[in-house]
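Residue numbers (UniProt numbering): 1 to 210.
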């Protein structure tokens with residue numbers, strides 16, 4: 001099933017609404033202000049969206065789709081750069097770099113991608129009445145990260161399920177720390193936090209080579 005292409009008017013609404021929700025959050029956002037940003041009457045918004053909730057949730061779905069695709073592209077890039085032989089397990093030193101490409105891309109991605117900024121803010125500061133729905137959908141994004149990380153790790157070592165989960169949870173903890181830093185501290189201290197988190201991740205992964 002394919003999704004019908006959006007009209008130019010709907011695209012303008014999406015772009016304006018995404019920025020408006022990122023800056024103001026759900027509670028501070030106003031359909032009237034979004035309409036003014038687009039240059040249309042508020043009543044015209046209702047030709048495209050029945051409510052603020054419907055617009056917000058569609059933005060969430062789009063952000064999840066966009067950023068999940070970005071996760072997959074980062075891990076594909078990491079896989080291509082790490083795999084120097086037909087059998088990656090013959091070069092176990094590369095296991096230390098598992099998951100790094102996404103971490104290292106986060107700073108620039110946060111600057112350039114309004115969907116990522118929307119996703120992070122929505123996940124950590126959700127509107128109360130949509131909290132459970134957002135929690136469930138954000139977990140799908142986390143599951144995408146976990147699956148990609150485990151698949152990359154399994155190229156180098158065949159781990160029992162319990163150990164896979166242990167290292168995956170550690171990796172998600174790294175991502176969570178970086179996301180929180182971006183949301184609450186901005187970019188000022190991000191590079192220092194990134195290096196610290198990657199150092200700890202590498203230490204953990206090195207244990208698999210012992």
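Beta carbons: idealized from backbone N, C-alpha and C, even for Gly.
Values in this document were obtained by computation on a predicted structure and should not be read as measured data.
Nearest to residue 139 by C-alpha distance, out of 154, 176 and 158, is 176. If you ignore the 5 residues before and after residue 202, its C-beta comes within less than 6 Å of the C-beta of 96, all in its own chain and listed in chain order. Under the three-state reduction of DSSP, residue 142 is assigned to helix.
Around the C-beta of residue 94, 16 or more other C-beta atoms lie within 10 Å, and the residue is accordingly described as buried. Contact annotation: residue 197 and residue 98 have beta-carbon atoms that are not nearer than 8 Å.
Its chain contains 204 as the residues whose beta carbon lies nearer than 6 Å to that of residue 170, once the 5 sequence neighbours on both sides are disregarded; these appear in chain order. Counting C-beta atoms within 10 angstroms of its own C-beta, residue 182 has 16 or more neighbours from the protein chains shown and is therefore classed as buried.
Counting only the Cα atoms, residue 48 lies some 7 Å from residue 10. Taking C-beta separations shorter than 7 Å and ignoring five residues to either side along the sequence, the partners of residue 42 in its chain run 31, 32 and 35, following chain order.
The distance from the Cβ of residue 119 to that of residue 63 is about 4 Å, consistent with a contact at the 8 Å cut-off. For residue 24, the enclosing alpha helix (DSSP H) covers residues 8–28. Around the beta-carbon of residue 152, 16 or more other beta-carbon atoms lie within 10 Å, marking it buried. Taking a C-beta distance under 8 Å as the contact criterion, residue 115 and residue 67 qualify as a contact pair.
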